[in-house]
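Student: Going from the sequence shown to our numbering is simple: count from 1 and add 23. We treat Cβ as the ideally placed atom computed from N, Cα and C, and that holds for glycine. Everything numeric in this text was worked out from a predicted model, so none of it was measured. Sharing a structure, written as structure tokens. Questions coming.
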Amino acid sequence: MGKTIDLTTGNLKINIVRFAIPVMLSGILQLLFSQADIIVCNFFGSEYSVGAINATSPFTNLILNILIGFSVGANVCISNAVGAKLKENAERIIGTSLILGLVCSVVLGALGVIITRPVLELMGTPAECIDLSTQYLQIYFCGVPFIILYDFAAALLRGMGDSKRPFYFLTLAGVLNVGLNLIFVICFDMDVSGVALATTLTQGVAAFLSIYVLFKGHLFANFHWKYFRFKKKEVVSIIKVGIPAGIQSSFFSISNLIIQSSINSFGANAVTGSGAGAQIESYLNTIQNCFGQACIAFVAANYGSHNIKNIKTAIKWCLIYASSVTVVTSLVAVLARDQLLSLFLNSDNAEALKVGSTRVLINCGLYITYVFTDCPPYAERGLKYSLIPTIISLLGICGSRLLFIFTLFRMEQFHSMDWLFYTYPISWALTGAAHLVALLYMYRKTKEKILGGASLVAESK
Numbered sequence: 024m025g026k027t028i029d030l031t032t033g034n035l036k037i038n039i040v041r042f043a044i045p046v047m048l049s050g051i052l053q054l055l056f057s058q059a060d061i062i063v064c065n066f067f068g069s070e071y072s073v074g075a076i077n078a079t080s081p082f083t084n085l086i087l088n089i090l091i092g093f094s095v096g097a098n099v100c101i102s103n104a105v106g107a108k109l110k111e112n113a114e115r116i117i118g119t120s121l122i123l124g125l126v127c128s129v130v131l132g133a134l135g136v137i138i139t140r141p142v143l144e145l146m147g148t149p150a151e152c153i154d155l156s157t158q159y160l161q162i163y164f165c166g167v168p169f170i171i172l173y174d175f176a177a178a179l180l181r182g183m184g185d186s187k188r189p190f191y192f193l194t195l196a197g198v199l200n201v202g203l204n205l206i207f208v209i210c211f212d213m214d215v216s217g218v219a220l221a222t223t224l225t226q227g228v229a230a231f232l233s234i235y236v237l238f239k240g241h242l243f244a245n246f247h248w249k250y251f252r253f254k255k256k257e258v259v260s261i262i263k264v265g266i267p268a269g270i271q272s273s274f275f276s277i278s279n280l281i282i283q284s285s286i287n288s289f290g291a292n293a294v295t296g297s298g299a300g301a302q303i304e305s306y307l308n309t310i311q312n313c314f315g316q317a318c319i320a321f322v323a324a325n326y327g328s329h330n331i332k333n334i335k336t337a338i339k340w341c342l343i344y345a346s347s348v349t350v351v352t353s354l355v356a357v358l359a360r361d362q363l364l365s366l367f368l369n370s371d372n373a374e375a376l377k378v379g380s381t382r383v384l385i386n387c388g389l390y391i392t393y394v395f396t397d398c399p400p401y402a403e404r405g406l407k408y409s410l411i412p413t414i415i416s417l418l419g420i421c422g423s424r425l426l427f428i429f430t431l432f433r434m435e436q437f438h439s440m441d442w443l444f445y446t447y448p449i450s451w452a453l454t455g456a457a458h459l460v461a462l463l464y465m466y467r468k469t470k471e472k473i474l475g476g477a478s479l480v481a482e483s484k
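Quick look at the structure:
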């Protein structure tokens, strides 16, 4: 198990960084998957290719986030088993997680193909973009099983302390993705269909390699065919964490869908510019989110081993690291926003550039508020509290955004792109404050249980 990091012993401050860096790089590569599509289409695609892809993001996120929440459950469960040294439990979790991910992703992928056009119409996607958006999404949804199987396999590997190999596999897939993008778009003139196909094929490569390591790698536990079935106990444990996480993510996506619909009402250039700003914003999210993913793995493992000191250390340093990198990346994004936007937008599209610049200035400039809506919920779920962080996020983020859209946004003085963008940091600040209070309460309750000698591995709230 030389490639793995021990989540319960050693210098946690250093181990968190060692764990988080490959996760960060993996996340950046996943962004490059989608952004290579946009950059290639910007230079070699049709006039509305970039806007067509940007218009699909809230819908794809809605479908994927439902299932990715389940992978969070798998991560927590296997980290608990690793911390408690329960190898057979971990093997059952691996098998159950993979079949759960496969079945659910096939169902939702098929559903996505069927409802793509009606959803895009419901969102008010500009007429210039909707045909291209439909082509892109229908191919993309065919590859959802590959995307989800990779996410499940990577979550299981990280839960056992291996964050490097998922990064290696995405590196290979990322290189292949860029190459296939260029071939399909330039040589075969496939436009958005070509970049969607390239993403699907290369995600399949990453998924296959990750599952192969679970099967053959030197890990705490491996994949065995005899456990590739729905085990009731493991399914219940995964969904107790996964369903609330999936609901939270899906409602985030629903609120973003509604905001996207409002952006769509300002026209194709607004969609293109906002989408370009969101691409830059996504890098800030990925860079700080790696410490959230480290937090859930370290907290869950030490929860399983009943080590309250390490739980406190993990939470403290993950918050410090996430806040520090966010301050730096926010500053870079704001100062270099024009240069960064030029990667995604044509220089002669002044309206789109203005919208994109405004989004980066507001959202990236205030992104420090997002850290506290992201890292604390990971810690809360690592402590086996799943429902409370979901409720906080639904009320704080989704509730405040929907309240704005259906009230103030309808007033003339608030009916602008600027105010749409301000809804993000305002909702982050409100939700982050509530999460910090909740996390302090959960930590104290967990400390009381551990010091009182309670058995924690099987508990869930």
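Which of the three DSSP states, helix, strand or coil, is assigned to A481?
Tutor: Residue placement at A481 cannot be trusted, given a pLDDT of 43 that sits under 50; what the coordinates show is reported in the next sentence. Three-state result, A481: coil.
Student: What three-state label does DSSP hand F190 in the structure shown?
Tutor: helix
Student: Tell me the residue span of the alpha helix (DSSP H) that contains L172.
Tutor: V167 to G182
Student: So the candidates are I319, S272, Y326 and N287; which of them puts its Cα closest to the Cα of S439?
Tutor: N287
Student: State the DSSP-derived secondary structure class of K468, mapped to helix, strand or coil.
Tutor: If DSSP states are grouped into helix, strand and coil, K468 belongs with the helices.
Student: Given a cut-off of 8 angstroms, decide if T79 and G166 are closer than it, judged by their beta-carbon atoms.
Tutor: no
Student: By the three-class DSSP mapping on this structure, what secondary structure does S211 have?
Tutor: Sequence inspection shows Phe at residue 211; the Ser mentioned does not correspond to that position. If DSSP states are grouped into helix, strand and coil, F211 belongs with coil.
Student: Out of R424, A43 and N308, which has the shortest C-alpha to C-alpha gap to Q283?
Tutor: R424
Student: What separation, rounded to the nearest whole angstrom, lies between the Cα atoms of N84 and A219?
Tutor: Each residue's alpha carbon lies about 15 angstroms from the other.
Student: Mind reading off the beta-carbon distance from L237 to I334? Whole number of angstroms is fine, and I expect it under 8 angstroms.
Tutor: That belief does not hold up - the Cβ atoms of L237 and I334 are roughly 27 angstroms apart, past 8 angstroms.
Student: Restricting to Cα atoms, I'd like to know which of L203, I209 and V264 is closest to C100.
Tutor: Minimum Cα distance to C100 is reached at V264.
Student: Please name the residue in L134, A244 and Y173 whose C-alpha comes closest to that of G106.
Tutor: Looking at the Cα atoms, A244 is the closest of the given residues.
Student: Rounded to the nearest angstrom, what separates Q436 and W442 at their Cα positions?
Tutor: 9 angstroms
Student: Under three-state DSSP, which class holds P399?
Tutor: Helix at P399.
Student: For the alpha helix (DSSP H) containing F314, list its first residue and its last residue.
Tutor: Note, F314: alpha helix (DSSP H), A291 to G327.
Student: What residue range does the alpha helix (DSSP H) around D361 cover?
Tutor: R360 to L364
Student: By alpha-carbon positions, which one of Q302, E111 and A177 ends up nearest to I76?
Tutor: Q302
Student: Report back the beta-carbon spacing between R41 and I122 to the nearest angstrom; my notes put them in contact at under 8 angstroms.
Tutor: That belief does not hold up - the Cβ atoms of R41 and I122 are roughly 31 angstroms apart, past 8 angstroms.
Student: When you compare each of R433, F314, I89 and Y235 to N38 by their alpha carbons, which one comes out closest?
Tutor: F314
Student: Would you tell me roughly how many angstroms separate the C-alpha atoms of Y250 and D361, rounded to the nearest one?
Tutor: 52 angstroms
Student: If we count Cβ pairs, one from each stretch, closer than 8 angstroms, do we get three or more for the stretch 392-399 versus the stretch 446-456?
Tutor: Taking a contact to require three or more Cβ pairs closer than 8 angstroms, the stretch 392-399 and the stretch 446-456 qualify as touching.
Student: Give the DSSP-derived three-state secondary structure of M24 in the structure shown.
Tutor: Caution applies to M24, whose pLDDT of 45 falls short of 50 and renders its modelled position unreliable; the value that the coordinates give is listed next. DSSP places M24 in the coil class of the three-state scheme, outside both helix and strand.
Student: According to DSSP, is H458 helix, strand or coil?
Tutor: helix
Student: Helix, strand or coil: which one does DSSP assign to T31?
Tutor: coil
Student: Roughly how many whole angstroms lie between the Cα atoms of F207 and S69?
Tutor: For F207 and S69, the distance between alpha carbons rounds to 14 angstroms.
Student: Would you decide whether L179 is buried or exposed? Buried here means 16 or more other CB atoms lie within 10 Å of its CB.
Tutor: buried
Student: Is it a yes or a no for the stretch 225-239 touching the stretch 58-67, going by three-plus beta-carbon pairs under 8 angstroms?
Tutor: Fewer than three pairs of CB atoms, one per stretch, sit closer than 8 angstroms, so the stretch 225-239 makes no contact with the stretch 58-67.
Student: Near C398, which residues of its chain fall below 7 angstroms by C-beta distance, leaving aside the five closest residues on each side in sequence?
Tutor: F314, G315, C318, C341, L342 and A345
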